[in-house]
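Here it is in structure tokens:
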């Protein structure tokens with residue numbers, strides 16, 4: 299799994315062949331197919347495993363969030379960690395690889411769905427009781443957050459790095475702070 303993750307992170311989807319992954323793992327390529335029927339199965343399992351580990355950690359962090367500003371700060375921290383670890387690149391590469399292969403796209407989206415659910419939970423809780431909640435449907439806000447996460451990674455490849463994304467997230471934090479001023483306190487974290 300580590301070798302498949304590293305191949306996606308460093309070589310991209312198109313460069314993550316069985317031979318490339320086996321070379322990183324220092325094993326025979328045939329060994330990969332002893333455990334996985336297809337290369338896609340290996341790459342999807344890699345994404346599932348790393349995603350589940352991170353979901354558990356971030357779910358615990360989300361339970362500490364009590365306001366929209368804190369939610370955006372958490373998103374900023376997650377984005378930074380995922381950028382540094384290469385996870386966001388791996389997710390983006392899997393999405394890019396699925397553009398021409400619909401069945402792969404369906405499976406990648408299924409792995410992203412728990413993230414949308416987690417984001418929706420955070421939006422619902424931090425917007426509870428706010429008069430502004432009527433203007434922002436939580437599921438759509440969650441999808442917007444996940445879409446931003448992926449799109450921001452693409453923008454960093456077109457600009458001089460993460461400054462643009464950092465600026466966007468800083469602006470979102472300031473805007474969320476205004477939202478906090480217009481909203482009653484959220485229910486206390488669990």
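Residue numbers (the numbering used here): 299 to 488.
Glycine is no exception: its CB is placed at the ideal position from the N, C-alpha and C atoms.
With distances taken between CB atoms, is the gap from residue 302 to residue 344 smaller than 8 angstroms? Yes, the pair counts as a contact, with Cβ atoms nearer than the cut-off.
How close, in whole Å, do the beta carbons of residue 340 and residue 330 come, if the pair is a contact with beta carbons under 8 angstroms? Yes, they are in contact, since the Cβ atoms of residue 340 and residue 330 sit about 6 angstroms apart, within 8 angstroms.
Return the chain-ordered ranges of every alpha helix (DSSP H) run that is complete within the segment 366-433 and spans a minimum of 4 residues. 366-383, 385-396, 400-425, all fully within the segment 366-433.
8 angstroms CB neighbourhood of residue 472 in its chain, flanking five on each side removed: If we look at residue 472 and ignore the five residues flanking it on each side, it has no Cβ neighbours.
Unbroken stretches of the alpha helix (DSSP H), 4 residues or longer, contained in the segment 304-353: Correct list: 316-323, 327-333.
Assuming residue 440 contacts residue 417 (C-beta within less than 8 angstroms), just tell me the rounded distance between them. Yes, residue 440 and residue 417 are in contact; Cβ-Cβ is about 4 angstroms, under 8 angstroms.
Cβ shell of residue 309 (< 8 angstroms), same chain only, five flanking positions each side left out: Answer for residue 309: 318, listed in chain order.
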